[in-house]
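Asks: In our numbering, the protein residues as written are 1414 to 1545.
A virtual CB, placed ideally from N, CA and C, is assigned to each residue, including glycine.
Bear in mind that the values here come from a model prediction, so they are computed numbers and not experimental data.
Okay, structure coming up:
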């Protein structure tokens, strides 16, 4: 991991306990709306009743994972497993508290533990800015 990446991960470790509240305030709640819409559109495009797995890269506190689950329920789509991958132990700790039934892994987006073709969906939301 580069020095820049280490600093970013450290920052997210530090802000993890207050990240969700800060995100809601800064986006004025719009983040929830676009997450719901993104999930809905993805499911509409995929057009299957069953999804074996979803991997959320740079999952942070798991918000997108929760939306995948909720939108799947509303669309009557069965999901086998939702995985979260993030390099920040602090963010993943918060996500594990929120979503104890999901699986999590501490890893960078450039070194995913899943094999190619293993996931039906791979999502990355705000984290893309810290990968490129």
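Could you please give me the residues that DSSP links to residue 1463 through a beta bridge?
Replies: As a position in the chain shown, residue 1463 is number 50, starting the count at 1. According to DSSP, residue 1463 shares a beta bridge with 1491.
Asks: Can you name the start and end residues of the alpha helix (DSSP H) that residue 1541 belongs to?
Replies: Position 128 of the chain shown holds residue 1541. Element bounds for residue 1541: n/a, residue is neither H nor E.
Asks: Taking all protein chains shown into account, do 16 or more other C-beta atoms lie within 10 angstroms of the C-beta of residue 1496, making it buried, or fewer, making it exposed?
Replies: Within the chain shown, numbered from 1, the residue matching residue 1496 stands at position 83. It counts as buried.
Asks: Taking Cβ to Cβ, would you say residue 1483 is nearer than 8 angstroms to residue 1516?
Replies: The residue given as residue 1483 occupies position 70 in the chain shown. The residue given as residue 1516 occupies position 103 in the chain shown. Cβ atoms of residue 1483 and residue 1516: not closer than 8 angstroms.
Asks: For the alpha helix (DSSP H) holding residue 1510, just list the boundary residues, first then last.
Replies: To locate residue 1510, count along the chain shown from 1; it is residue 97. Annotation for residue 1510: the continuous alpha helix (DSSP H) segment containing it runs 1502-1511.
Asks: Leaving out the 5 sequence neighbours to the left and right, which residues in its chain are closer than 7 angstroms to residue 1501 when beta-carbon positions are compared?
Replies: Position 88 of the chain shown holds residue 1501. Once the five neighbours on either side are set aside, the close Cβ partners of residue 1501 are 1422, 1425, 1426, 1429.
Asks: In its own chain, which residues sit with a C-beta less than 8 angstroms from the C-beta of residue 1474, not counting the 5 before and 5 after it?
Replies: For the purposes of this step, residue 1474 is taken as residue 61 along the chain shown, with counting starting at 1. The beta carbon of residue 1474 lies closer than 8 angstroms to those of 1429, 1432, 1433, 1504, 1507, 1508, 1511 in the same chain, with the five residues before and after it left out.
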